[in-house]
Amino acid sequence: MERPILIVCIDRDNDLYEKAKVNGPVLGREKNLAAATKLGIADPEDSDVNAIFSAVQLYDKMKSENKNVEIVTLTGDKRLGYEADKKISDQLDKIISELKPSSAVLVSDGASDEEVLPIIKSRIKIDSTRIVTVKQSKELEKTYFILLEKIKDPYYAKIIIGIPALLILMLSTASYLGLGWEVVGIVIGLFLLVRMFNIDEGIANFIKEFKFSAERTSWIGYIAALVFLMIALAIAYQNFNKATIMGLTNEKLVAYIIQGLIWPLLVSFFFIVITKIIDARAEKKVYVITKYTFYGIAGILVAMLLDIGSKWMLNLDPPYVSFGDFL
């Protein structure tokens, strides 16, 4: 029997359940039509409605061409990130084991749904992708309504409103304390770097995915990482005492402590990364190996940034250059 082509529609933020109480995965044409209708009644402006209807339309077209095809909508989690991707990958694994499709066609409303594309590609061949957008007569009107809708979403509200609010607060606080805007720039730069490389999610994933077993040789890596972490804390304590004796205060005190922390912490981080790669290789999870390789690269970049930034703030060695010299 010919293996089917799987039309996959993605609802990463799980609006189907949050708004229409429909649990995923939603398998089959009729169930997807019913789910889209329920979601459309609950929230007519939700873009996932259009994505599901577009997937059904594609299903009907391919059926009319006498192709063996099946349709499924995968749902994630309203918190997005790791939780959403994990649920989508689990549902996809279940569907693949049941239907054994030959390939897939991805239908999405764009935005964050596209972030799961590597997860799907790691499990099944993708023949095509379709991004569904709602047509508007005026681009300005479209932009206005999209922005207004995103502000209502707590996830995007944190980005659109929360980040500018935090920036204003930091600048005002720095000015009040007489620290200058340079400190704020360093903090913002670190924040953007963390978000760009998803370092915060990586740390959360490390904690959630941490596996310690005496049967695995990788436990040695975790022990080594813990040792270097303790060394880093000891060096930080010593640097604090030295900085106090040297008369360093405020940001220079912090920079001096960071100087001692950077490289032991990086070594500890690398032991964990290498350990995770060893575990992933044993489990034959290629996409996990790639992920932790990028984590390692991100760790090096963050360490370099912290090293350069802390040396600049300390300004202890010649040539003695202040940022103010460039203004």
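The numbering of the sequence shown is the working numbering, which starts it at 1356 and goes up by one.
C-beta: ideal position from N, C-alpha, C; glycine also.
> Any idea if ALA1512 is buried or exposed, counting beta-carbon neighbours within 10 angstroms, 16 or more meaning buried?
Replying inline: By the neighbour-count definition (other C-beta atoms within 10 Å, threshold 16), ALA1512 is an exposed residue.
> Between which two residues does the alpha helix (DSSP H) harbouring ASP1403 extend?
Replying inline: Start and end: 1402-1419.
>> How far does the beta strand (DSSP E) with ASP1482 in it extend, from its first residue to its last?
In response: Looking at the DSSP string, the run of the beta strand (DSSP E) that includes ASP1482 is 1481-1486.
> Applying the criterion that 16 or more other CB atoms from any shown protein chain within 10 Å of the CB defines a buried residue, is VAL1425 buried or exposed?
Replying inline: For the sequence presented, residue 1425 should be read as Glu rather than Val. Classification of GLU1425: buried, given that the 10 Å Cβ count is 16 or more.
> Can you pull the DSSP bridge partners for GLU1425?
Replying inline: For GLU1425, the pairing in a beta bridge is given by DSSP as LEU1361.
>> For GLY1615 and ILE1554, I'd like the C-alpha separation in whole angstroms.
In response: Computed Cα separation, rounded: 21 Å.
> Hey, out of THR1392, LYS1449, VAL1487 and MET1417, whose CA is closest to SER1409's CA?
Replying inline: If we check each option's Cα against that of SER1409, VAL1487 comes out closest.
>> Using a 10 Å radius around the Cβ and a threshold of 16 neighbouring Cβ atoms, would you call SER1530 buried or exposed?
In response: Using a 10 angstroms sphere on the CB of SER1530, the tally of other CB atoms stays under 16, which defines it as exposed.
> Rounded to whole angstroms, how far is the Cβ of ALA1459 from the Cβ of ASP1368, which I believe are closer than 8 Å?
Replying inline: Contact doesn't hold; Cβ gap of about 21 Å is too wide.
> Any idea what DSSP makes of LEU1461, helix, strand or coil?
Replying inline: In the three-state DSSP reduction, LEU1461 falls in the strand class (E or B).
> Between GLY1654 and PHE1626, which are expected to be in contact by the criterion C-beta below 8 Å, what is the C-beta distance as a whole number of angstroms?
Replying inline: So it is not a contact: roughly 11 Å between Cβ atoms.
>> With H, G and I counted as helix, E and B as strand and the rest as coil, what does DSSP make of ASP1366?
In response: It is a strand residue.
> Taking one C-beta from the region 1388-1407 and one from the region 1364-1379 each time, how about it: are there three or more such pairs within less than 8 Å?
Replying inline: Flag = yes, the region 1388-1407 and the region 1364-1379 touch.
> In the DSSP assignment, what residue or residues form a beta bridge with THR1430?
Replying inline: Note: THR1430 is bridge-paired with ASP1366 in the DSSP secondary-structure output.
> With distances taken from CA atoms, which of MET1659, TRP1574 and LEU1472 is nearest PHE1617?
Replying inline: Here residue 1617 turns out to be Ile, not Phe, going by the sequence shown. By alpha-carbon distance to ILE1617, the top candidate from MET1659, TRP1574 and LEU1472 is MET1659.
> Going by beta carbon distance, what residues of the same chain come within less than 7 Å of VAL1471, once the five residues before and after it are set aside?
Replying inline: Cβ within range, chain order: ILE1365, ARG1367, ASP1440 and ILE1443.
>> Mapping the DSSP letters down to three states, classify VAL1657 as helix, strand or coil.
In response: Helix at VAL1657.
> Between which two residues does the alpha helix (DSSP H) containing LEU1311 stretch?
Replying inline: Nothing about residue 1311 can be reported from this structure: the residues present for the chain run from 1356 to 1682 only.
>> At the level of alpha carbons, what is the spacing between ILE1541 and ILE1516?
In response: Spanning the two alpha carbons is a distance of roughly 21 Å.
> Going by beta carbon distance, what residues of the same chain come within less than 7 Å of PHE1595, once the five residues before and after it are set aside?
Replying inline: Here the set comprises ILE1612.
>> Starting from ILE1683, trace the alpha helix (DSSP H) in both directions and tell me its first and last residue.
In response: The chain is shown from 1356 up to 1682; residue 1683 falls before or after that span and cannot be answered.
> Should VAL1641 be labelled buried (16 or more other beta-carbon atoms within 10 Å of its own) or exposed?
Replying inline: Burial call: exposed.
>> Since VAL1381 and VAL1411 should fall inside the 8 Å C-beta cutoff, what is the C-beta to C-beta distance between them, to a whole number of angstroms?
In response: With 8 Å as the limit, VAL1381 and VAL1411 do not qualify as a contact, their Cβ atoms being about 11 Å apart.
> Would you call the CB atoms of LEU1413 and VAL1363 closer than 8 Å?
Replying inline: The criterion of a C-beta distance shorter than 8 Å is not satisfied by LEU1413 and VAL1363.
>> Rounded to the nearest angstrom, what separates ASN1670 and GLY1664 at their Cα positions?
In response: Between the C-alpha atoms of ASN1670 and GLY1664 there is a straight-line separation of about 10 Å.
>> Check for me: the alpha helix (DSSP H) holding GLU1638 runs from which residue to which?
In response: It is not in any alpha helix (DSSP H) - GLU1638 carries neither H nor E in the DSSP assignment.
> Under 8 Å between the Cβ atoms of ASP1403 and LEU1371?
Replying inline: The answer is yes: Cβ separation under 8 Å.
> Span of the alpha helix (DSSP H) holding LYS1455?
Replying inline: LYS1455 -> no alpha helix (DSSP H), and no H or E assigned at all.
> Apart from the five residues just before and just after ILE1475, which ones in its own chain have a Cβ nearer than 7 Å to its Cβ?
Replying inline: VAL1363, LEU1447, ALA1459, LEU1461 and ILE1481, listed in sequence order.
>> Excluding the 5 residues flanking LEU1661 on each side, which residues of the same chain have their C-beta closer than 7 Å to its C-beta?
In response: Cβ neighbours of LEU1661 beyond the five flanking positions: ILE1613 and ILE1617.
> Where does VAL1582 sit, in a helix, a strand or coil, going by DSSP?
Replying inline: In this structure, VAL1582 counts as helix in the three-state DSSP scheme.
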